[in-house]
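Here is the structure we will look at.
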Ligand SMILES: Cc1ncc(COP(=O)(O)O)c(C=O)c1O
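Chains as they are written, first to last, in the numbering used here: chain A, 334 to 746; chain B, 35 to 198.
Next comes the structure, spelled out in structure tokens:
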């Protein structure tokens, strides 16, 4: 199939101009950024909000009576309110600011699970998880004697639901599951899975790191117990993240870390913890980063997550068709329901070599195991090349990817 | 030369015919059953994993070499070239070659004249084919992985070599 046939009309991203970083050249070619699943780029609105805070409003939060501290606190707490609205949490007390998905998951493993589980209990995860949703559970299992159980996936990279239901037994203390696989792009039918788990009174943590950037999230509608995500994958600053948790859980959990900000009163005999969500936010937070995350939420909402999802679906379909037209391509991750993330192999070219050749043509993709080594072993491979799309990409980016792949083939044959 | 053309040249310099040939048809590939020295090299970043085997005789001469594993074209070619290059060498010479090759590959942006030289014995001259990695800092570790494993095998260090 020729490119001309594939391309009835070009798909252009009206939002691209909002991202200053995208208008540069890399290795002598205009940059094509297809690695948003690793980290999203920031719109000018986010960069400016962070800069404004550092230029005009910086002080510590929650502690000064002076004007700057009040401004910083207002902006920081304002961002929390925006995030609450963005994911439709019932209350701002359920929105805990963390350093990222990784910390959010570790917090739940250590504060929710560790005090309550032991030998005979199970922690259930799936074969699709990122290492951040595997290793924290391995640690807590080692610490407590609980058992880690893994639900299988099929050759398309989809969960085998019947087997998952069978694994949801009474001795499962928590199910920790990704919303969208970062390595394969599979979108799990998370709402139905949560419903099945709830019927059996099993709490569910959703690793939403790759969900939030691509679709509208409503934690009340999902009815999950925990939803973890990172700011930098949703076009905000690195070092920011969120743990959404039901208030009843947060009430019942001991603090994750001790320090300033998470207390009401400290004496050497005892400490009274602060109210929610501050009980889980020890120490000075990433104030500028969280303010930037608030600006990212404003920006995404000004476009609308549904529009973003629709746009990305069209562009993803375009990309998959274009990839399939390249001789020697093998797609890894062909689930029926996908986000705009596609892993692939080209002939027997190692993904690391592909990454270098593409980079030299200005095309940035991710290569390797994508922090999901069990996913790679499931397919009997050591890694893949992965192109991931955000709403600032367009069909020209895809065309450039294809041209770069053809060049790689030429070089290797 | 335009910037694009220069980039192109760098790419062709990295993936020279000799490199691609060794990557596709690695020499001495497989385990060496009578190996006296072996070591593993792991590059955690990209998952390259090589096992290097050496058979060293009583006089400290490398009688046999082989390797197995998987990795990118650069790491496979480098390992393959290594097994050719050190065959028949004394342990001391092979270790000296490790120093030379690592130094040569980690000097970036130098001209040919000032590069640490490799003695121009025929099989060794081929090692210059690895020079292309100098312009690709993220790939230097791929090229040096097998050499670190060689060094580790010769010094009988039991733990896997890494390029960290
Ligand atoms: C599915 C998934 N979970 C968790 C993480 C970890 O996120 P972070 O490194 O921002 O904590 C990532 C990031 O790569 C991810 O893709």
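Backbone N, C-alpha and C define an ideal beta-carbon position, used for all residues, glycine too.
Proximity test, residue i beta-carbon vs ligand 1 heavy atom, cut-off 8 Å
| i | result |
| --- | --- |
| residue 365(A) | no |
| residue 511(A) | yes |
| residue 704(A) | yes |
| residue 515(A) | yes |
| residue 77(B) | no |
| residue 569(A) | no |
| residue 574(A) | yes |
| residue 642(A) | no |
| residue 89(B) | no |
| residue 412(A) | no |
| residue 426(A) | no |
| residue 70(B) | no |
| residue 373(A) | no |
| residue 369(A) | no |
| residue 540(A) | yes |
| residue 566(A) | yes |
| residue 435(A) | yes |
| residue 460(A) | no |
| residue 199(B) | Summary: the structure shown does not reach residue 199(B), with chain B confined to residues 35 through 198, and so no result is reported for it. |
| residue 465(A) | yes |
| residue 141(B) | no |
| residue 443(A) | no |
| residue 793(A) | This structure leaves residue 793(A) out entirely; chain A is present only between 334 and 746. |
| residue 543(A) | yes |
Residue-level contact to chain C via CB, residue i, 9 Å cutoff
| i | result |
| --- | --- |
| residue 108(B) | Protein chains in the displayed structure are A and B, and chain C is not among them. |
Proximity test, residue i beta-carbon vs ligand 2 heavy atom, cut-off 8 Å
| i | result |
| --- | --- |
| residue 701(A) | Among the ligands modelled here, namely ligand 1, ligand 2 does not occur. |
Inter-residue CB distance, residue i and residue j (contact presumed, cutoff 8 Å)
| i | j | result |
| --- | --- | --- |
| residue 404(A) | residue 390(A) | 4 Å |
| residue 121(B) | residue 96(B) | 6 Å |
| residue 588(A) | residue 606(A) | 6 Å |
| residue 670(A) | residue 520(A) | 4 Å |
| residue 360(A) | residue 693(A) | 5 Å |
| residue 653(A) | residue 367(A) | Incorrect: roughly 13 Å between the Cβ atoms, too far for contact. |
| residue 455(A) | residue 482(A) | 5 Å |
| residue 409(A) | residue 623(A) | 6 Å |
| residue 60(B) | residue 114(B) | 4 Å |
| residue 716(A) | residue 80(B) | 7 Å |
Report the start-end ranges of each beta strand (DSSP E) in the region 499-547 of chain A that is 3 residues or longer and not cut off at the edges. The region 499-547 of chain A contains these whole beta strand (DSSP E) runs: 505-511 and 537-540.
Cβ-based contacts, 9 Å cut-off: residues of the region 701-716 of chain A near chain B: Of all residues in the region 701-716 of chain A, only 701, 702, 706, 709, 715 and 716 come within less than 9 Å of chain B when Cβ atoms are compared, listed by chain position.
To be precise: take each residue of the region 40-65 of chain B, compare its Cβ to all Cβ atoms of chain A, and keep it if any distance is under 9 Å. Which residues remain? Listed by position, the residues of the region 40-65 of chain B near chain A (Cβ gap below 9 Å) are 40, 41, 42, 44, 45, 46, 48, 49, 54, 57 and 58.
Check whether the region 450-470 of chain A and the region 504-519 of chain A are in contact - that is, three or more C-beta pairs closer than 8 Å. Three or more pairs of CB atoms, one per stretch, sit closer than 8 Å, so the region 450-470 of chain A contacts the region 504-519 of chain A.
Using a Cβ-Cβ cut-off of less than 9 Å, give me the residues of the region 168-188 of chain B that come near chain A, in sequence order. Listed in sequence order: 170, 172, 173 and 176.
Chain B contacts made by the region 661-695 of chain A, where a contact means CB separation under 7 Å: Those residues of the region 661-695 of chain A that come within reach of chain B (Cβ to Cβ, closer than 7 Å) are 683, 685, 686, 689, 690 and 693.
Three or more C-beta pairs under 8 Å: does that hold for the region 594-602 of chain A against the region 379-388 of chain A? Too few Cβ pairs lie closer than 8 Å, so no.
The region 528-535 of chain A / the region 672-691 of chain A touching (three or more Cβ pairs under 8 Å): Not touching, per the Cβ criterion.
Please specify which runs of the beta strand (DSSP E), each continuous and at least 3 residues long, are wholly inside the region 573-656 of chain A, giving them in chain order. Taking only runs of at least 3 residues, the beta strand (DSSP E) segments lying wholly in the region 573-656 of chain A are 574-578, 596-599 and 604-606.
Would you be able to state if there are at least three C-beta pairs under 8 Å between the region 724-734 of chain A and the region 631-648 of chain A? Enough Cβ pairs lie closer than 8 Å, so yes.
Give a yes or no on contact between the region 132-139 of chain B and the region 95-109 of chain B, applying the rule of three or more CB pairs nearer than 8 Å. No contact exists between the region 132-139 of chain B and the region 95-109 of chain B.
Compile a chain-ordered list of the residues in the region 336-370 of chain A whose CB is closer than 9 Å to at least one CB of chain B. Across the region 336-370 of chain A, CB contacts with chain B closer than 9 Å involve 358, 360, 361 and 362, in sequence order along the chain.
Give a yes or no on contact between the region 169-183 of chain B and the region 67-85 of chain B, applying the rule of three or more CB pairs nearer than 8 Å. With a cut-off of 8 Å, the region 67-85 of chain B and the region 169-183 of chain B count as touching, because enough Cβ pairs lie within range.
Count the CB pairs spanning the region 716-725 of chain A and the region 45-60 of chain B that are closer than 8 Å, and state whether there are at least three. In short, these stretches do not touch, since the Cβ pair count stays below three.
Could you tell me which uninterrupted beta strand (DSSP E) segments, each at least 3 residues in length, are contained entirely in the region 428-506 of chain A, listed from first to last along the chain? Assignment of beta strand (DSSP E) within the region 428-506 of chain A, counting only whole runs of 3 or more residues, yields 428-431, 455-459 and 480-484 in chain order.
Any contact between the region 343-363 of chain A and the region 654-674 of chain A? By contact I mean 3 or more CB pairs, one from each, below 8 Å. Judged by Cβ distances under 8 Å, the region 343-363 of chain A makes no contact with the region 654-674 of chain A, as fewer than three pairs qualify.
Inter-stretch contact at 8 Å, needing at least 3 Cβ pairs: the region 730-737 of chain A / the region 489-505 of chain A: The region 730-737 of chain A and the region 489-505 of chain A do not touch, with fewer than 3 CB-CB distances between them shorter than 8 Å.
Taking contact to mean at least 3 C-beta pairs separated by less than 8 Å, is the region 571-579 of chain A in contact with the region 554-561 of chain A? These segments touch.
Any residues in the region 97-123 of chain B with a beta carbon nearer than 9 Å to a beta carbon of chain A? Which ones, in chain order? Within the region 97-123 of chain B, 104, 105, 106, 107, 108, 109 and 110 place their CB atoms closer than 9 Å to a CB of chain A, listed in sequence order.
Interfacial residues, the region 617-648 of chain A to chain B, with Cβ spacing under 7 Å: Answer in chain order: no residues at all.
I'd like to know if the region 496-507 of chain A and the region 633-644 of chain A are in contact, where contact means that at least 3 CB-CB pairs between them fall below 8 Å. No: fewer than three Cβ pairs fall under 8 Å.
Does the structure place the region 430-449 of chain A close enough to the region 684-694 of chain A that three or more beta carbon pairs sit under 8 Å? As far as the Cβ criterion goes, the region 684-694 of chain A does not touch the region 430-449 of chain A, which means the pair count is below three.
How do the region 471-489 of chain A and the region 541-553 of chain A stand: do at least 3 beta-carbon pairs fall below 8 Å, yes or no? Contact fails: fewer than three Cβ-Cβ distances are below 8 Å.
Using 8 Å as the cut-off, can you tell me whether the region 106-125 of chain B makes contact with the region 160-176 of chain B, which would need three or more C-beta pairs spanning the two stretches below that distance? The region 160-176 of chain B and the region 106-125 of chain B touch, with three or more beta-carbon pairs separated by less than 8 Å.
Selection of the region 506-535 of chain A by Cβ proximity to chain B, strictly under 8 Å: Flagged: no residues at all.
Under 7 Å, CB to CB, which of the residues in the region 719-744 of chain A have a partner in chain B? Answer set for the region 719-744 of chain A: 744.
At what residue ranges does the region 111-138 of chain B contain a whole run of the alpha helix (DSSP H), taking only runs of 4 or more? Every candidate alpha helix (DSSP H) stretch fails here, since none sits fully inside the region 111-138 of chain B while reaching 4 residues.
3 or more residues per run - each beta strand (DSSP E) lying fully within the region 686-745 of chain A: As far as the region 686-745 of chain A is concerned, its whole beta strand (DSSP E) runs of at least 3 residues are 699-701 and 717-721.
Using a Cβ-Cβ cut-off of less than 9 Å, list which residues of the region 79-92 of chain B approach chain A; keep chain order. Of all residues in the region 79-92 of chain B, 79, 80, 81, 82 and 83 have a Cβ within less than 9 Å of some Cβ in chain A.
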